[in-house]
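This report concerns only the one structure given below.
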Amino acid sequence: MREFAYERPSSLDAAVAAFAAGDTGGGGAALIAGGHTLLPAMKSRLRQPDTLVDLAGVPGLTGIARDGDTLWIGAMTTHATVAADPTVAAAIPGLAALALLIGDPQVRNRGTIGGVLANNDPSADYPAALLALGGTVETNLGRHDADDYFQGMFATALADGEIIVRVGFTVPTASAYAKFRHPASRYAVVGVYVAQTTDGVRVAVTGAGPGVVRWAEAEAALTASFTPEAATGLVLGGDLNTDIHASAEYRAHLAGTMLARAVAAA
Amino acid sequence: MATTLTINGATAAHEVSPAILLVDLLRDGLGLTGTHIGCDTSQCGACNVLVDGRAVKACTVLAVQLDGASVTTIEGLATMGSGAETLHPMQAAFKEHHGLQCGFCTPGMVIAGLEMVRRHGHDLDEATISHELEGNLCRCTGYRNIVTAIAAGAKAMALSGETVDA
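Now the structure itself:
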């Protein structure tokens with residue numbers, strides 16, 4: 015890892031200031047939450063920030079609460095906490111189950127929901143949940159609607175240095191996530207989150223293409239009949255990934271299989 | 169920068185560069201070489217330690233991130249009494265049930281076992297242990313005796329009143 019400066023501000027305003035002042039050598043500043051994506055990227059020198067601004071000392075970024083039809087989760091809340099939290103389990107059991115599929119127990123003890131959503135890895139799990147359930151990413155600058163938040167591979171509506179404070183998920187009638195895990199990395203080869211909401215059925219797919227997407231054809235089929243059988247034969251279209259793990263054709267088919275499993279579990 | 173850590177019960181200020189990983193501070197800075205570096209990519213679990221009672225991969229956390237935290241390594245589990253070292257019940261179970269061959273993954277496996285006890289209690293079934301070991305790799309044993317050892321260690325901890333502090 016290249017050397018860098020480390021700041022641990024104790025307020026959101028101080029974090030914003032530290033980030034703004036952190037680009038001391040052209041490498042920029044980086045916000046660090048759990049660090050389980052950022053630190054590996056820094057080890058391999060894909061990222062070489064001049065300054066790391068650690069959000070661990072900023073108060074008010076953890077915690078889980080339900081307010082009406084919205085389940086709020088603080089940005090620095092770990093996957094382990096989400097997976098074990100009774101409020102999450104009661105409101106959106108599919109989300110608790112999703113958290114338990116991220117990484118492994120040690121990773122879940124450090125990795126955070128805000129970190130995942132800020133990074134927006136095209137194979138990450140939470141983006142599928144946020145897009146399918148609908149909801150809000152609340153930051154130090156305002157709110158982003160889930161439908162506008164994800165903007166392709168590692169791209170989001172966040173401005174440079176904008177800090178996620180908490181994430182709101184709309185509580186559905188029923189929902190579930192089905193994921194075909196890469197056995198080594200634990201990322202989704204394909205993951206499908208299905209949500210039955212008062213506004214209709216919403217389906218989001220991660221891992222298959224350059225970023226998380228809604229799946230309109232699946233939503234139409236499940237609106238007609240919310241059954242695993244309705245997913246039979248559905249094949250995901252669009253620009254899908256081909257890599258050493260799976261071809262685009264394989265992922266397209268796998269999405270239909272994960273869709274049926276998610277509906278069965280919802 | 170000055171970072172205060174309680175390592176195996178001893179609190180001290182350590183002067184560390186921000187780029188120093190916890191595992192490097194433990195091994196190179198403090199000589200606690202029981203925590204191993206296997207993959208260095210957060211996959212194998214050989215570097216597992218307890219941070220405030222929770223298992224984390226010491227290769228994927230900076231020492232400076234843990235200012236004020238309590239770290240327990242494999243060296244901190246056994247207790248000294250009347251001049252002789254007594255293995256922690258989880259360690260003793262690995263010895264008793266041949267839960268290791270080359271031993272490289274063992275410190276991380278033992279820590280993973282303690283993490284299981286913290287979250288699931290002392291009565292661990294085989295399916296739970298197997299599932300919970302998803303972040304730990306062993307290249308010798310085939311895991312069979314590791315699962316047996318963790319189940320036995322968890323039970324032995326109940327008998328001896330051992331808890332995993334949060």
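Chains A and B are the protein sequences, given in the same order.
Our numbering puts the first residue of the first sequence at 15, with every later residue one more than the last.
Our numbering puts the first residue of the second sequence at 169, with every later residue one more than the last.
Glycine residues also receive a C-beta, built at the ideal position from the N, C-alpha and C atoms.
Per the DSSP secondary-structure output, Val206(A) pairs in a beta bridge with Ala192(A), Val219(A).
In the three-state DSSP reduction, His158(A) falls in the strand class (E or B). Scanning chain B for C-beta atoms nearer than 9 Å to the C-beta of Glu17(A) yields Ser185, Pro186, Ala187, reported in chain order. For Leu45(A), no CB of chain B lies under 8 Å from its own CB, so it is not counted at the interface with that chain. Going by C-alpha positions, Leu198(B) is about 32 Å away from Thr38(A). Counting C-beta pairs closer than 8 Å gives fewer than three between the segment 267-279 of chain B and the segment 289-300 of chain B, which falls short of the contact rule. Against Glu302(B), the close residues of chain A are Asp118, Pro119, Arg200, in the order they occur along the chain (beta-carbon pairs closer than 8 Å). Along the segment 60-74 of chain A, the positions whose C-beta sits under 8 Å from a C-beta of chain B are Leu66, Asp68, Ala70, read in chain order.
Val72(A) is a Cβ neighbour of Ala29(A), given a cutoff of 8 Å. For His182(B), the secondary structure class from DSSP, reduced to helix, strand or coil, is strand. Gly88(A) and Val181(A) have their alpha carbons spaced roughly 6 Å apart. Counting C-beta atoms within 10 angstroms of its own C-beta, Met284(B) has 16 or more neighbours from the protein chains shown and is therefore classed as buried. Distances from the alpha-carbon of Ala237(B) to those of Ser298(B), Thr179(B), Ala246(B) put Thr179(B) closest. No Cβ of chain B is located within less than 8 Å of the beta carbon of Pro224(A).
In this structure, the beta-carbon distance from Pro257(B) to Ala324(B) falls below 8 Å. CA-CA distance, Ala110(A) to Ala280(B), rounds to 21 Å. Following the DSSP letters along the chain, one finds Thr174(B) inside the beta strand (DSSP E) bounded by residues 170-175. In the DSSP annotation of this structure, Gly175(A) is not part of any beta strand (DSSP E), being labelled neither H nor E. Going by DSSP, Ser298(B) is part of the alpha helix (DSSP H) stretching over 294-300. With a contact defined as Cβ atoms closer than 8 Å, Gly48(A) and Gly125(A) qualify at about 4 Å. The distance from the Cβ of Leu69(A) to that of Met90(A) is about 6 Å, consistent with a contact at the 8 Å cut-off. Ranked by Cα distance from Gly247(A), the options Asn255(A), Leu236(A), Asp257(A) are led by Leu236(A). When DSSP states are grouped into helix, strand and coil, Ser328(B) belongs to the helix group. Contact annotation for Ala223(B) against chain A: Pro119, Gln120, Asn123 [CB-CB distance below 9 Å, chain order]. Rounded to whole angstroms, the gap between the alpha carbons of Leu193(B) and Gly177(B) is 16 Å. Ala246(B) and Thr309(B) have their C-alpha atoms roughly 24 Å apart. Here the alpha carbon of Ala43(A) sits roughly 44 Å from the alpha carbon of Ala322(B). Under the Cβ criterion of 8 Å, Tyr140(A) is not counted among the residues facing chain B. The closest CA to that of Arg275(A), considering only His259(A), Ile258(A), Thr256(A), Thr241(A), is found on Thr241(A). The segment 296-305 of chain B and the segment 118-135 of chain A touch, with no fewer than 3 CB-CB distances between them shorter than 8 Å.
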